[in-house]
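Below: the structure, in structure tokens.
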Amino acid sequence: MSDLLVIAERRGNEIHSSTFELLGKARELSIKRPLTVSVVVLSDKPVEEDSANSLFSGGADRIILAVDRSFSRFNFEPYTKTLASIVREFAPEIVLAPATTSGRTYMPGLAALLKTGLTADCTGLDIEEETGNLLQTRPAIGGNIMATIKTPNHRPQMATVRPKTFSALKEAYESKSELVNFEVTPDLTQTEAKLIEFHPIGAGQKGVQDAEVIIAGGMGLRKVENMEPIFRLSKMINGTVGASRKIVDSKWIGHEAQVGLSGHTVKPKIYIAAGISGAVQHIAGMQTAEFIVAINRDRNAAIFNFADIGLVGDAVEILNELAKSLESEVKR
Ligand SMILES: Cc1cc2nc3c(=O)[nH]c(=O)nc-3n(C[C@H](O)[C@H](O)[C@H](O)COP(=O)(O)OP(=O)(O)OC[C@H]3O[C@@H](n4cnc5c(N)ncnc54)[C@H](O)[C@@H]3O)c2cc1C
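Residue numbers for the sequence shown follow the numbering used here, so the first one is 280 and each next one is one higher.
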């Protein structure tokens, strides 16, 4: 039986949800074509029993654990060289990683070391039963078409997948629960790169990918000062601030807030889009939200085609009204 390898994303001591989404998809693919699903964990300490159990019940047949102190934080060279060594040893047919900042950084390097192709930022995966070719679907030409890409002549087939694209398994997988320790030799962790500083996302603030409530601003806010009601509202309801690319490009907020094709894909319970037109590239990142509220001055704005509730009017006025009525609710 051939192998599918998922590269786990660690955030501190936690295994990030994107890993479980990939494991869920891997199990789905293995129904069509039998695959042993392995998950690679690079860590500076052994995985705790709870984390290991959650990976097994999340869909992994096997955990390949590589422990070294250089894996305390993401570092390109040790990651890439160790992963290449693991892939050479286990010879999987398929390697999947989340299209997070680190996944998007090490996967091209890994593909180059392994002399194979990489399909980045996939939003769909399927497999051909006969050939084992992975059908890797991703938006192309500015999000206007969906391209399905195959890698028939090289192995492994490698893809990064946007977090929140797939779902984790709902029922626990009955795993063989095999744990393999991979020896990390010093040559694999040598690096010229030094970590100078690490800046976590603002204290208490979740990244847009993990947020349950997102209030996103667009160019309809007109000036950076008008972001204030968005931040105020978001604080009141424990939400996270998101953004269209135009306001990220205008430097009103950092890229970590950008939602869309060249930003993050999000899956919150509520997404409030204030002054956002609804360009295809923005929609690509937020149409997976459970409930969408759109605020726009133009009643024909494309964003309303995707909204569960549409409010026609000035975004700043409506956001301020919303904040005021929430404040008075809280005071009552
Ligand atoms: C390859 C590629 C990748 C891209 N990736 C992304 C991406 O990841 N994310 C992304 O967002 N975009 C992305 N874009 C850009 C995208 O095409 C749009 O340009 C962008 O989403 C528009 O941002 P916006 O809606 O904030 O601004 P605009 O298009 O300028 O729209 C502003 C909206 O605000 C409304 N408005 C104006 N005044 C008010 C007011 N007072 N109150 C309420 N509403 C008002 C207007 O009616 C309008 O609908 C990408 C483009 C390309 C080519």
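Heads up, the beta-carbon is just placed ideally off N, CA and C, and yes, glycines get one too.
Margin query: Tell me the residue span of the beta strand (DSSP E) that contains Arg501.
Written below: Unbroken run through Arg501: none, as it is neither H nor E.
Check: Hey, would you say the C-beta of Val595 is under 8 Å away from at least one heavy atom of ligand 1?
Finding: Yes, the beta carbon of Val595 sits closer than 8 Å to at least one heavy atom of ligand 1.
Check: What's the call for Ser381, buried or exposed, on a 16-neighbour Cβ count within 10 Å?
Finding: By the neighbour-count rule (16 or more Cβ atoms within 10 Å), Ser381 is buried.
Next item on the list: Return the first residue and the last residue of the beta strand (DSSP E) that Arg312 is part of.
Entry: Arg312 -> no beta strand (DSSP E), and no H or E assigned at all.
Check: Relative to ligand 1, what is the chain-ordered list of residues with a Cβ closer than 5 Å to any of its non-hydrogen atoms?
Finding: Those residues, listed in chain order, are Gly421, Gly497, Met498, Gly499, Ser523, Arg524, Lys525, Gly539, Leu540, Ser541, Gly542, Gly554, Ile555, Ser556, Ala558, Gln560, His561, Asn575, Arg576, Asp577, Ala580, Asp593 and Ala594.
Note to self: In the DSSP output, what is Ala370 paired with across the bridge?
What the structure shows: DSSP output for Ala370 lists no bridge partner at all.
Checklist line | For Phe461 and Ala345, believed in contact at Cβ under 8 Å, the rounded distance | finding: About 4 Å separates the Cβ atoms of Ala345 and Phe461, confirming a contact at the 8 Å cut-off.
Next item on the list: Please name the residue, chosen from Asp405, Ser446, Glu453 and Phe570, that lies closest to Thr430 on a Cα-to-Cα basis.
Entry: Measuring from the Cα of Thr430, the nearest candidate turns out to be Asp405.
Item checked: Which listed residue (Val595, Ile493, Ile373 and Ser336) has its alpha carbon closest to that of Gly499 -> Among Val595, Ile493, Ile373 and Ser336, the Cα nearest to that of Gly499 belongs to Val595.
Note to self: Quick check: Ser454 and Asp340, are their CB atoms within less than 9 Å of each other?
What the structure shows: In this structure, Asp340 lies closer than 9 Å to Ser454 by Cβ.
Note to self: Could you compute how far the alpha carbon of Pro377 sits from the alpha carbon of Thr402?
What the structure shows: Approximately 11 Å, taken between the alpha carbons.
Notebook entry, point to check: Quick one: complete alpha helix (DSSP H) runs, 4+ long, within the region 329-416?
Noted result: Qualifying alpha helix (DSSP H) stretches, in chain order: 355-369 and 380-393.
Notebook entry, point to check: Helix, strand or coil: which one does DSSP assign to Phe477?
Noted result: If DSSP states are grouped into helix, strand and coil, Phe477 belongs with coil.
Check: Just the Cα atoms here: how many angstroms apart are Gly542 and Gly557?
Finding: Roughly 14 Å separates the two Cα atoms.
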